[in-house]
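Asker: Take a look at this one; I'll ask things after.
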Amino acid sequence: MGRSTAPSGLGDAVGLSDEQLVGMYRQVALARAIDERMWVLNRAGRVPFVISGQGHEGALVGIMSAFRRGHDWIVPFYRSIAACLTFGMTPRDLLLAQFAKASDPSSGGRQMPGHYGSAAHNILSTSSPVATQILHAAGIALAAKLRGTDQVAVTFMGEGASNQGDVHEALNFAGIHHLPFVFVVENNGYAISVPASKELAVRDVAVRAAGYGMPGVIVDGADVLGCYPPAAEAVRRARAGEGSTFIEAKVTRLTAHSSDDQQTRYRSEAELTAERARDPLPRFRAQLRDAGVLDDALEAEIAAENLRQVDDATEHAEGEPDPTVDTALLYVYAEDRPPAAGA
Ligand SMILES: Cc1ncc(C[n+]2csc(CCOP(=O)(O)OP(=O)(O)O)c2C)c(N)n1
Ligand SMILES: [Mg+2]
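According to the numbering used here, the sequence shown is numbered sequentially starting from 695.
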């Protein structure tokens, strides 16, 4: 179907215009293009390690579109490429982190790849032990509440990480103090090679929300539009002083856990094929095409522009200098900060 000039009405029920829907599609497709480039660079021996967000992008763009960029705070994890993009990091910023260059805004090349952050965009770079980021996020939410800034803090993690003790402590605290906090679990059914049935005694992680006195919402992470309303409601509740929300997005992990993993060792070909049907990108594309929001020409324009950005980011990042030995102690103390993003 061709693109119509009349509004499609597709996003009416959730309050999103066609222009916003196209913007969201751009973000999902750009996140995928960056991610695919990272794998190519890894297999070509040009970056040492990739941990991928493929399959998680739809949920992240759907959820993050409900937050106020540059005002709210996000505490991402290693699959959060799409969330960081939606919140203002650029392909150059993400590739600089991947190549661990001196001008990398996440950490000036100090962090493990995939630990994205940008002080300029209220994106906190986190530590490698999984789930520790929830304590930082709850602390940010507490600060926002005490200062009356109207900001909301959101953090993300996998269903495996959600079993850590830190999660209980942070959610209990957030529940008691009605913090402006949103907790997102991206449930992809695996913690590296361990299936969810061996990680969780329940099928849905979100049922645990009841124990913390907050709503627990389950969304299909392959449905980009379906992820937006629960996030918008969580943000509304947080700003209104009504407290925190727990969102579980059922997503699929389309790649191995990381570039150091081989998932065919523990997932059957039939399972991997079935999972590919839950890829949010073609599903969102088909939905927008059916509604007349997207057509061949616009789709091609977006693909070309995304590729141009990814090529530019790769070339730029690879050409930047590595951090020098004499700067090894930089950013250890508060007076030093990593370079600004988007520079
Ligand atoms: C405290 C801690 N234990 C173990 C690890 C090693 N580790 C890194 S990622 C990961 C799996 C996490 O699975 P999940 O939370 O479901 O996230 P996913 O990778 O599936 O998105 C593990 C065990 C770690 N980083 N930190
Ligand atoms: Mg998982």
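Where is the CB? At the ideal position from N, CA and C, for every residue including glycine. Bear in mind the structure is a predicted one, so any value in this text is a computation, not a measurement.
#1: What are the uninterrupted segments assigned as alpha helix (DSSP H) that are 4 or more residues long and contained completely in the segment 902-954, given in chain order?
#2: Would you report the Cα separation of residue 689 and residue 849, rounded to the nearest angstrom?
#3: Along the chain, which unbroken stretches of the beta strand (DSSP E) at least 3 residues long are found entirely within the segment 842-868?
#4: What would DSSP say about residue 1004, mapped onto helix, strand or coil?
#5: Tell me, to the nearest whole angstrom, how far the beta carbon of residue 906 is from that of residue 865; I am working on the premise that it is less than 8 Å.
#6: With a threshold of 8 Å, establish whether the CB of residue 1000 neighbours any heavy atom of ligand 2.
#7: Going by C-alpha to C-alpha distance, which of 731, 1026, 973, 1011 sits closest to residue 796?
#8: Rounded to whole angstroms, what is the Cα-Cα separation between residue 751 and residue 943?
#9: Taking 8 Å as the cut-off, is the beta-carbon of residue 823 closer than that to any non-hydrogen atom of ligand 1?
#10: Could you check if residue 823 is buried or exposed, using at least 16 other CB atoms within 10 Å of its CB as the buried criterion?
#11: Specify which residues have a beta carbon nearer than 6 Å to any heavy atom of ligand 2, listing them in chain order.
#12: So residue 881 is in the beta strand (DSSP E); what residue range does that whole segment cover?
#13: Measuring only the C-alpha atoms, how far is residue 894 from residue 888?
#14: Buried or exposed: residue 891, going by 16 or more other Cβ atoms within 10 Å of its Cβ?
#15: Any heavy atom of ligand 1 inside 8 Å of the beta-carbon of residue 805?
#16: Per DSSP, what kind of secondary structure is residue 760 in: helix, strand or coil?
#17: Determine the DSSP secondary structure at residue 1027, reduced to helix, strand or coil.
#18: Cβ of residue 1038 within 8 Å of any heavy atom in ligand 1?
#19: With a 10 Å radius around its C-beta and 16 neighbouring C-beta atoms as the bar for buried, classify residue 807 as buried or exposed.
#20: Buried or exposed: residue 713, going by 16 or more other Cβ atoms within 10 Å of its Cβ?
#21: Can you check whether the CB of residue 784 is closer than 9 Å to the CB of residue 721?
#22: When DSSP labels each residue in this structure, what does residue 885 get in the three-state scheme?
#23: Buried or exposed: residue 765, going by 16 or more other Cβ atoms within 10 Å of its Cβ?
#24: Using a 10 Å radius around the Cβ and a threshold of 16 neighbouring Cβ atoms, would you call residue 868 buried or exposed?
#25: From residue 748 to residue 902, what distance separates their C-alpha atoms?
#26: Measuring CB to CB, does residue 1009 end up less than 9 Å from residue 793?
#27: Hey, would you say residue 805 sits closer than 9 Å to residue 818, going by beta carbons?
#28: Which runs of the alpha helix (DSSP H) spanning at least 4 residues fall entirely within the segment 711-737, listed in chain order?
#29: Checking the sheet assignment: what are the DSSP bridge partners for residue 746?
#30: Helix, strand or coil: how does DSSP classify residue 708 here?
#31: Measuring from the CB of residue 863, is there a heavy atom of ligand 1 at a distance below 8 Å?
Answerer: The structure says:
#1: As far as the segment 902-954 is concerned, its whole alpha helix (DSSP H) runs of at least 4 residues are 918-933.
#2: With the chain running from 695 to 1037 in the structure shown, residue 689 is simply not present.
#3: Runs found: 847-852.
#4: If DSSP states are grouped into helix, strand and coil, residue 1004 belongs with the helices.
#5: Going by Cβ atoms, the distance from residue 906 to residue 865 rounds to 4 Å, so yes, they are a contact pair.
#6: Not a single heavy atom of ligand 2 lies less than 8 Å from the C-beta of residue 1000.
#7: Of 731, 1026, 973, 1011, the residue nearest in Cα terms is 1011.
#8: If you take the alpha carbons of residue 751 and residue 943, they lie about 11 Å apart.
#9: Judged by the Cβ position, residue 823 qualifies as a neighbour of ligand 1 at the 8 Å threshold, a heavy atom of the ligand being closer than this.
#10: Residue 823 is classed as exposed because its beta carbon has fewer than 16 other beta carbons within 10 Å across all chains shown.
#11: Listed along the chain, these residues meet the criterion: 852, 853, 854, 882, 884, 885.
#12: If you look at residue 881, you'll find it in the beta strand (DSSP E) that goes 875-881.
#13: Answer to the nearest angstrom: the Cα atoms are 11 Å apart.
#14: Residue 891 comes out exposed.
#15: No, Cβ of residue 805 sits at least 8 Å from all heavy atoms of ligand 1.
#16: Three-state result, residue 760: coil.
#17: Coil at residue 1027, not helix or strand.
#18: Beyond the ends of the chain as shown, which are 695 and 1037, falls residue 1038; an answer cannot be given.
#19: With 16 or more other Cβ atoms inside 10 Å of its own Cβ, residue 807 counts as buried.
#20: Only exposed fits residue 713, as fewer than 16 other CB atoms lie within 10 angstroms of its CB.
#21: Against a cut-off of 9 Å, the Cβ pair of residue 784 and residue 721 comes out as no contact.
#22: Residue 885: strand per DSSP, three-state reduction.
#23: With a 10 Å radius around the Cβ and a threshold of 16 neighbouring Cβ atoms, residue 765 comes out exposed.
#24: Around the beta carbon of residue 868, a 10 Å sphere encloses 16 or more other beta carbons of the protein chains shown; the residue is thus reported as buried.
#25: Looking at the backbone, the Cα of residue 748 and that of residue 902 are separated by about 26 Å.
#26: Cβ atoms of residue 1009 and residue 793: not closer than 9 Å.
#27: No; because the gap between Cβ atoms is not below 9 Å, this pair is not in contact.
#28: Segments of the alpha helix (DSSP H) lying fully in the segment 711-737: 712-737.
#29: Residue 746 pairs with nothing; no bridge assigned.
#30: Correct three-state label for residue 708: helix.
#31: No.
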